[in-house]
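Q: In my numbering, the protein residues as written are 599 to 858. Every residue gets a Cβ at the ideal spot worked out from N, C-alpha and C, and that includes glycine.
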């Protein structure tokens with residue numbers, strides 16, 4: 599069995615190894631150096647969390663992996679690698695990462711986002727997306743004259759899907775200019791205004807300008823926006839609010855810090 603250690607687990611092992619090496623029953627001794635059993639347990643927990651069965655085979659594989667790591671670490675020290683400035687710097691960064699990660703985890707636990715806050719964020723977003731969604735095709739070009747020429751061809755009976763191949767929008771040119779269902783808030787303002795005036799199946803008779811160029815737009819269909827169920831998005835909403843709260847806290851620390 600191959601055992602791979604994630605950065606999270608490695609951080610845990612590094613943190614636990616120094617603090618508990620003397621107090622814990624050894625998992626093994628390698629050339630007189632003790633590997634604490636606690637490190638093995640942490641590594642096993644990491645593997646189990648990734649789906650590995652918690653059995654004797656896993657325990658044996660973890661022990662062998664830690665022995666290999668210790669042997670390699672000893673060889674690295676013999677060669678003086680642990681004295682090189684770049685290695686010392688990387689070890690310092692790793693230790694700092696462990697401290698930061700541990701602090702953030704503790705801070706998150708001490709400052710949980712309430713269910714009421716998650717529900718309020720959901721309600722706010724639902725309110726924002728209420729209204730009409732449009733199913734849109736567009737042809738994007740760089741010059742207004744090119745957009746006018748395409749409109750003239752459409753007025754002469756050309757198919758929108760065929761002319762869409764002239765679009766500079768690589769994401770939609772090969773599927774007839776179709777960009778799917780979109781809310782007005784996700785479109786350039788001028789495009790949203792143009793679509794609101796169109797009947798289903800019609801294209802706008804004038805080019806629509808945006809920061810990306812000029813667009814020929816066609817309204818395929820429209821519908822009332824249907825928000826996702828709260829249960830489907832509450833996890834992502836909670837994570838977003840947690841990150842916002844953490845960023846606000848970090849910004850407050852930055853504002854008070856003396857940085858030279």
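1. For residue 712, name the three-state secondary structure that DSSP assigns.
2. Between residue 660 and residue 671, what straight-line distance do the alpha-carbon atoms span, to the nearest angstrom?
3. Let me check understanding here. Comparing Cα to Cα, which of 694, 684, 732 and 646 lies closest to residue 823?
4. Whole-angstrom Cβ separation of residue 737 and residue 803, contact assumed at under 8 Å?
5. With distances taken from CA atoms, which of 820, 772, 776 and 761 is nearest residue 794?
6. Can you list, in chain order, the residues of its chain whose CB lies under 8 Å from that of residue 619, leaving out five sequence neighbours each side?
7. Going by CA-CA distance only, name the one from 762, 637, 719 and 724 that's closest to residue 837.
8. Would a C-beta distance cut-off of 9 Å place residue 786 and residue 810 closer than the cut-off?
9. Run through the DSSP bridge pairs and tell me what residue 779 is partnered with.
10. Just confirm the distance between the C-beta atoms of residue 783 and residue 818, as a whole number of angstroms; I'd bet it's less than 8 Å.
11. In the DSSP assignment, the beta strand (DSSP E) including residue 765 goes from what residue to what residue?
12. Rounded to whole angstroms, what is the Cα-Cα separation between residue 704 and residue 697?
13. Identify the continuous beta strand (DSSP E) that holds residue 627 and give its terminal residues.
14. From what residue to what residue does the alpha helix (DSSP H) around residue 673 run?
15. Given this structure, state the Cα-to-Cα distance separating residue 925 from residue 724, to the nearest angstrom.
16. Within 10 angstroms of its Cβ, does residue 645 collect 16 or more other Cβ (buried), or is it exposed?
17. If you draw a straight line from the C-alpha of residue 857 to the C-alpha of residue 687, how long is it?
18. Let me know the secondary structure DSSP gives residue 754 once reduced to three states.
19. From residue 641 to residue 709, what does the alpha carbon distance come to, in whole angstroms?
20. Examine chain B for any beta-carbon lying closer than 9 Å to the beta-carbon of residue 655, and answer yes or no.
21. Near residue 846, what residues of its chain come up, given a Cβ to Cβ distance below 8 Å and the 5 sequence neighbours on each side ignored?
22. Who are residue 634's beta bridge partners in DSSP?
23. Just verifying my parser: in three-state terms, what is the DSSP assignment at residue 619?
24. Below 8 Å on the Cβ atoms is my contact criterion, and I expect residue 840 with residue 706 to pass it. Report the Cβ-Cβ distance as a whole number of Å.
25. Bridge partners of residue 739, per DSSP?
26. For residue 845, report the span of its alpha helix (DSSP H) as first-last.
27. Tell me which same chain residues have a C-beta within less than 8 Å of the C-beta of residue 766, skipping the five on either side of it?
28. Residue 751 to residue 832, Cα distance in whole Å?
A: So, to answer that:
1. In the chain shown, counting from the first residue as 1, residue 712 sits at position 114. Coil at residue 712, not helix or strand.
2. Numbered from its first residue, the chain shown carries residue 660 at position 62. Numbered from its first residue, the chain shown carries residue 671 at position 73. In a straight line, the C-alpha of residue 660 is about 16 Å away from that of residue 671.
3. The count along the chain shown starts at 1 and reaches residue 823 at position 225. Nearest of 694, 684, 732 and 646 to residue 823, Cα basis: 732.
4. For the purposes of this step, residue 737 is taken as residue 139 along the chain shown, with counting starting at 1. For the purposes of this step, residue 803 is taken as residue 205 along the chain shown, with counting starting at 1. No, residue 737 and residue 803 are not in contact; Cβ-Cβ is about 14 Å, not under 8 Å.
5. Within the chain shown, numbered from 1, the residue matching residue 794 stands at position 196. Looking at 820, 772, 776 and 761, the one whose alpha-carbon comes closest to that of residue 794 is 820.
6. Numbered from 1 along the chain shown, position 21 holds the residue referred to as residue 619. With a pLDDT of 45 at residue 619, under the threshold of 50, the modelled position of that residue is not reliable, and the figure given next carries that caveat. Result list for residue 619: 632 and 634, in chain order.
7. In the chain shown, counting from the first residue as 1, residue 837 sits at position 239. Nearest of 762, 637, 719 and 724 to residue 837, Cα basis: 719.
8. For the purposes of this step, residue 786 is taken as the residue at position 188 of the chain shown. For the purposes of this step, residue 810 is taken as the residue at position 212 of the chain shown. Contact: yes.
9. Counting from one through the chain shown, the residue named residue 779 turns up at place 181. Residue 779 is bridged to 733.
10. Sequence index remark: in the chain shown, residue 783 carries index 185 (1-based). Sequence index remark: in the chain shown, residue 818 carries index 220 (1-based). About 19 Å; that fails the 8 Å criterion.
11. Numbered from 1 along the chain shown, position 167 holds the residue referred to as residue 765. Note, residue 765: premise wrong, no beta strand (DSSP E); not H, not E.
12. Within the chain shown, numbered from 1, the residue matching residue 704 stands at position 106. Within the chain shown, numbered from 1, the residue matching residue 697 stands at position 99. Approximately 11 Å, taken between the alpha carbons.
13. In the chain shown, counting from the first residue as 1, residue 627 sits at position 29. Looking at the DSSP string, the run of the beta strand (DSSP E) that includes residue 627 is 624-628.
14. As a first step, residue 673 must be located in the chain shown, where it is residue number 75. From DSSP, the alpha helix (DSSP H) with residue 673 extends over 654-676.
15. With the chain covering 599 to 858 only, the question about residue 925 has no answer from this structure.
16. Within the chain shown, numbered from 1, the residue matching residue 645 stands at position 47. Buried, by the Cβ-count rule.
17. Counting from 1 along the chain shown, the entry for residue 857 is found at position 259. Counting from 1 along the chain shown, the entry for residue 687 is found at position 89. Approximately 21 Å, taken between the alpha carbons.
18. Counting from 1 along the chain shown, the entry for residue 754 is found at position 156. Looking at residue 754 - three-state DSSP - the assignment turns out to be coil, as it is neither helix nor strand.
19. For this step, residue 641 is matched to residue 43 along the chain shown. For this step, residue 709 is matched to residue 111 along the chain shown. Computed Cα separation, rounded: 28 Å.
20. In the structure shown, chain B does not exist; there is a single protein chain.
21. For the purposes of this step, residue 846 is taken as residue 248 along the chain shown, with counting starting at 1. Same-chain partners within the cutoff: there are none.
22. Locating residue 634 in the chain shown gives position 36, counting from the first residue. Paired residues: 624.
23. Start at 1 with the first residue of the chain shown, and residue 619 comes out as number 21. Because the pLDDT at residue 619 is just 45, under 50, the model does not fix this residue reliably, and the value given afterwards should be weighed accordingly. Here residue 619 sits in coil by DSSP.
24. One-based indexing of the chain shown puts residue 840 at position 242. One-based indexing of the chain shown puts residue 706 at position 108. Residue 840 to residue 706, Cβ: 6 Å. Contact.
25. On the chain shown, residue 739 is found 141 positions in, with the first residue counted as 1. DSSP lists 812 as partners of residue 739.
26. On the chain shown, residue 845 is found 247 positions in, with the first residue counted as 1. Unbroken alpha helix (DSSP H) run through residue 845: 828-854.
27. Counting from one through the chain shown, the residue named residue 766 turns up at place 168. Contacts found: 738, 739, 740 and 811.
28. Indexing the chain shown from 1 puts residue 751 at position 153. Indexing the chain shown from 1 puts residue 832 at position 234. A direct Cα-to-Cα measurement between residue 751 and residue 832 gives close to 48 Å.
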